[in-house]
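Our numbering numbers the first residue of the sequence shown as 1121 and each following residue consecutively. Even glycine gets a Cβ: it sits at the ideal position worked out from N, Cα and C.
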Amino acid sequence: MKGNLPPILPVGTQVVTCCPIRDPYGREIRPSGGVAVVVHAPLEAGQRYRIRFADGETVKLRRHDLRVLSHDQDAALGENPSSEDLFSHVIYRCVVGSRAFGLDEESSDVDIRGVYLPPAHLQWSLTGVPDLIERTDADECYWELQRFLVLALKANPNILECLFTPKIEMATSLGEELRAIRRCFLSRFIHKTYNGYVLSQFKKL
């Protein structure tokens, strides 16, 4: 991935729009700041997401036009710890993408992914914790453990890559246990989640 593109947000993530929504004639039909949910995530960073608003309308936007809702809520309430604090609770960190499989070039970025486990008093607080924490100055993000497991059970390609990458940078005992049971997450859902990716690659040939 080039240019430190932000990590792909999984389906189900609640987001806030950073730009007005316009019709084909350029007329504004929704102001910025609308809350929606990701219903289709791109297979590659830089492509568009499909998001759905509460009234059922769907639109396509790029990642830089979206903010994660939980991040906005944390900032407004001022009760949750900063992402920097949550980084200290990472239990598993790995390298994915081209550098994990020896397909990198000199200009290739280092894509870091992983899992974090927040302490109970934060997990059970009124505001909860974000599903995803990320560093803005690098291609690095970590899923909250429960969210990670839900996506793994759905055979999310990004999650499975984290579990099966050969390049592990750090794993606590819990992180090692998670990796040890990685084959439990292989199911028939893989056909559905990976089929779309394969077809998209054929279209590029």
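Contact belief for residue i with residue j at Cβ below 8 angstroms, rounded distance in angstroms
i, j, result
"V1230", "R1219", "6 angstroms"
"T1133", "G1154", "With 8 angstroms as the limit, T1133 and G1154 do not qualify as a contact, their Cβ atoms being about 15 angstroms apart."
"K1180", "R1170", "5 angstroms"
"G1156", "V1131", "Per the sequence shown, the amino acid found at residue 1156 is Ala instead of Gly. Incorrect: roughly 12 angstroms between the Cβ atoms, too far for contact."
"L1163", "G1316", "7 angstroms"
Span separating the alpha-carbon of residue i from that of residue j
i, j, result
"N1278", "D1143", "33 angstroms"
"R1147", "R1168", "20 angstroms"
"K1122", "A1258", "Because K1122 carries a pLDDT of 46, less than 50, the predicted location of this residue cannot be relied on, and the following value inherits that uncertainty. If you take the alpha carbons of K1122 and A1258, they lie about 11 angstroms apart."
"Q1243", "V1235", "14 angstroms"
"D1175", "I1253", "28 angstroms"
"K1323", "Y1314", "15 angstroms"
"V1318", "E1225", "22 angstroms"
"R1183", "R1303", "31 angstroms"
"V1270", "D1251", "11 angstroms"
"T1178", "A1165", "20 angstroms"
"L1223", "S1245", "43 angstroms"
"T1256", "R1187", "13 angstroms"
"S1307", "F1268", "16 angstroms"
"E1281", "V1249", "24 angstroms"
"Y1145", "C1139", "16 angstroms"
"I1296", "I1288", "The residue asked about is misnamed: residue 1296 is Glu in this sequence, not Ile. Those two C-alpha atoms are separated by around 10 angstroms."
"H1241", "V1135", "25 angstroms"
Nearest candidate by alpha-carbon position, reference residue i, set the options
i, options, result
"I1232", "P1286, R1182, V1188", "P1286"
"F1305", "R1255, C1282, Y1317, A1272", "A1272"
"E1264", "I1288, T1256, P1239, F1284", "P1239"
"G1217", "S1228, H1209, V1210", "S1228"
"L1129", "M1290, F1309, Y1262, R1150", "Y1262"
"T1247", "L1189, C1139, G1316, R1308", "L1189"
"A1275", "F1207, L1237, F1309, C1139", "F1309"
"Q1266", "E1296, L1237, P1127, V1135", "L1237"
Buried versus exposed, by CB contacts within 10 Å (16 or more), residue i
i, result
"D1185", "buried"
"L1294", "exposed"
"H1311", "exposed"
"V1215", "buried"
"S1320", "exposed"
"V1159", "exposed"
"F1221", "exposed"
"L1325", "exposed"
"S1151", "Note that residue 1151 corresponds to Pro in the displayed sequence, not to Ser. Per the 10 Å Cβ criterion, exposed."
"H1209", "buried"
8 angstroms Cβ shell around residue i - same chain, five flanking residues per side excluded
i, result
"L1283", "A1272, L1298, R1299, R1302, F1305"
heavy atom of the ligand ZN below 7 angstroms from residue i C-beta
i, result
"E1264", "Among the ligands in the structure shown, none appear at all, so the ligand ZN cannot be discussed."
Beta-carbon proximity list for residue i, same chain, < 6 angstroms, skipping 5 on both sides
i, result
"E1260", "I1232"
"A1291", "Y1212"
"I1141", "I1149, R1150, V1179"
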